[in-house]
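*Asks:* Structure incoming, see below.
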Amino acid sequence: MKQTVMLSLRSRQSYEEQEAEELELVTEGFMEFRDGGWDISYAETELTGLEGVTTTFRVEKDQLTLRRTGQLNSEMVFRLGYAHDSLYQMPFGAFAMRVETLSLFYDIVPEGGSIDLCYRVTIENTQTGLVEYHMDIRAK
């Protein structure tokens, strides 16, 4: 059964030769247990620069999948010791992206939980960066 939750998100993105970008967001979302895993989703806002996009974290045993749909489409799979190649599709074009999971921890129960994720990203085989996510989930 899908339930409404409050999500507290913190992210930090740092790319070579650029100042790190940090974002904190508290928003309403949804959480649902189905097919042996948890789906945690929310609508992006103007604040994140991704208005018109729905972000879904799919939490399964030993794996986290991050999907974005709407104005842009992407799917990134995170597993320790694993690199995932994908296409990041935006309204003005697409680019190849690789993510390498550096750390992954999650603890999800029906009342909420948390997700911690750190990964290296490579765009078009050149630009590399580091992304860190922390999400707290609370049932309403």
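Each residue of the sequence shown is one higher than the one before, starting from 2 at the first, in my numbering. Just so you know, even glycine gets a beta-carbon here, dropped at the ideal spot from N, CA and C.
#1: Taking only the alpha-carbon atoms, compute the straight-line gap between Asp-108 and His-135 and give it to the nearest angstrom.
#2: Can the beta-carbon of Leu-26 be found closer than 8 Å to that of Leu-48?
#3: I'd like the list of long-range same chain contacts for Glu-23, defined as Cβ closer than 6 Å, with 5 residues on each side in sequence excluded.
#4: Taking DSSP as the reference, what is the three-state secondary structure of Leu-73?
#5: Looking at the structure shown, is Glu-151 part of a helix, part of a strand, or coil, going by DSSP?
#6: Does Val-110 pass the burial test, meaning 16 or more other C-beta atoms within 10 Å, or should it be called exposed?
#7: Rounding to the nearest angstrom, what Cα-Cα distance links Asp-117 and Phe-58 in this structure?
#8: State the DSSP-derived secondary structure class of Asp-36, mapped to helix, strand or coil.
#9: The beta strand (DSSP E) with Tyr-83 in it runs from where to where?
#10: Taking Leu-81 as the reference, which of Arg-68, Gly-94, Arg-69 and Asp-63 has the closest Cα?
#11: Looking only at C-alpha atoms, which of Gly-71, Arg-99, Phe-106 and Ile-138 sits nearest to Pro-92?
#12: What is the rounded straight-line gap between the Cα of Phe-106 and the Cα of Gly-94?
#13: Can you find the residues in the same chain that come closer than 8 Å, C-beta to C-beta, to Gly-113, ignoring five residues on each side of it along the sequence?
#14: Provide the residue(s) that pair with Glu-25 in DSSP beta bridges, ordered along the chain.
#15: Counting only the same chain and skipping the five closest in sequence on each side, list residues whose C-beta sits under 8 Å from that of Phe-79.
*Replies:* From the atom records:
#1: 12 Å
#2: yes
#3: Arg-13
#4: coil
#5: Only positions 2 to 141 of the chain appear in the structure, and residue 151 is not among them; the question remains open.
#6: exposed
#7: 12 Å
#8: coil
#9: First-last for Tyr-83: undefined, no H or E at that position.
#10: Asp-63
#11: Gly-71
#12: 33 Å
#13: Val-6, Met-32, Asp-137, Ile-138, Arg-139 and Ala-140
#14: Arg-11
#15: Gln-64, Leu-65, Thr-66, Leu-67, His-85, Val-100, Thr-102, Leu-105, Leu-118 and Tyr-120
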